[in-house]
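At position 209 of the sequence shown (counting the first as 1) the number is 209 in the UniProt record's numbering, and the numbers step up by one without a gap.
Backbone N, C-alpha and C fix where the C-beta goes; we use that ideal spot for every residue, glycine too.
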Amino acid sequence: MATLASLLPGLAVAYLLARREFRGRALLDGLVHLPLILPPVVTGYLLLLAFGRRGWFGAALAEIGIVFSFRWTGAALACAVMGFPLMVRAMRLSLEAVDRKLEQAAGTLGAPPAAVFLVVTLPLSLPGILAGAVLAFAKAMGEFGATITFVSNIPGETQTLPSAIYTLTQVPGGEAGALRLTLVSVALSMAALLASEWLARRARRRLGA
1 MATLASLLPG LAVAYLLARR EFRGRALLDG LVHLPLILPP VVTGYLLLLA FGRRGWFGAA
61 LAEIGIVFSF RWTGAALACA VMGFPLMVRA MRLSLEAVDR KLEQAAGTLG APPAAVFLVV
121 TLPLSLPGIL AGAVLAFAKA MGEFGATITF VSNIPGETQT LPSAIYTLTQ VPGGEAGALR
181 LTLVSVALSM AALLASEWLA RRARRRLGA
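Shown next as structure tokens:
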């Protein structure tokens with residue numbers, strides 16, 4: 001959910017940073033990459049201040065039934081925030097690598113900007129978009145500090161793989177369960193990487209054709 005929810009915002013921000021010059025561009029770039037620099041616990045605490053039930057935005061959201069703190073939705077939000085910088089960076093580099101002459105050629109043939117983006121820019125940057133999605137997924141899979149600070153470690157609600165492994169390592173006889181979850185985590189991450197590589201190769205093959 002964290003990866004899927006980040007795709008469109010990540011692509012939009014990556015496009016702005018790659019293709020647009022505007023006042024505050026450096027500030028936006030800094031804010032996007034801030035979770036990579038801050039300790040994850042600090043990011044989780046800021047999320048709690050912003051989206052807690054009495055937070056800056058959380059109070060208003062709670063009135064319309066949208067609650068993040070100590071809910072699985074909050075765990076997804078924390079994972080999305082932590083993976084967002086990696087997703088945006090991969091997408092941005094991919095967009096910057098697209099040959100602008102191809103886009104200009106499509107424009108001279110009468111294609112509107114939206115069509116140029118959908119038909120030319122997006123397909124050419126698809127491998128980078130897939131790579132960004134996988135990086136965000138991998139970061140979400142391993143996220144611990146921000147998640148446990150923002151939504152705690154509630155079994156069946158907000159407990160993630162890392163927090164479950166941590167819990168099992170703290171109780172007697174939990175080593176076997178921790179090992180099983182570790183193997184599950186490795187298997188899921190490896191499957192995601194292999195799927196991303198397969199999709200990227202397929203995309204490059206189609207573009208080459």
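Euclidean distance between Cα positions of residue i and residue j
i, j, result
"Val-88", "Val-13", "7 Å"
"Pro-85", "Val-42", "16 Å"
"Arg-180", "Ala-140", "19 Å"
"Phe-150", "Arg-53", "11 Å"
"Gly-148", "Leu-46", "Per the sequence shown, residue 148 should be read as Ile rather than Gly. Going by the C-alpha atoms only, they are around 13 Å apart."
"Leu-77", "Gly-58", "13 Å"
"Leu-8", "Gly-173", "43 Å"
"Val-98", "Arg-92", "10 Å"
"Ala-60", "Leu-193", "39 Å"
"Pro-113", "Ala-178", "51 Å"
"Thr-73", "Gly-44", "14 Å"
"Arg-201", "Leu-130", "11 Å"
Cut-off 8 Å between Cβ atoms - residues of its own chain near residue i, not counting five sequence neighbours on either side
i, result
"Ser-152", "Phe-70 and Thr-158"
"Val-184", "Leu-161"
"Val-81", "Pro-35, Thr-43, Leu-47 and Ala-146"
"Glu-143", "Pro-40, Ala-78, Cys-79, Met-82, Gly-83, Thr-160 and Pro-162"
Span of the alpha helix (DSSP H) around residue i
i, result
"Gly-10", "2-19"
"residue 262", "Here the chain has residues from 1 to 209 only, and residue 262 is not among them."
"Asp-29", "25-37"
"Ile-129", "126-142"
"Ala-111", "Element bounds for Ala-111: n/a, residue is neither H nor E."
"Thr-158", "No alpha helix (DSSP H) holds Thr-158; DSSP gives it neither H nor E."
Contacts around residue i, its chain only, beta-carbon distance under 7 Å, and the 5 residues preceding and following it disregarded
i, result
"Tyr-15", "Leu-95"
Proximal residues to residue i (C-beta, below 6 Å), its chain only, five neighbours per side dropped
i, result
"His-33", "Pro-85"
"Val-120", "Leu-102, Glu-103 and Ala-106"
Residue from the options whose Cα sits closest to the Cα of residue i
i, options, result
"Trp-198", "Trp-56, Val-134 and Thr-3", "Val-134"
"Pro-123", "Ala-111, Pro-40 and Arg-205", "Arg-205"
"Phe-117", "Leu-130, Arg-100 and Ala-131", "Arg-100"
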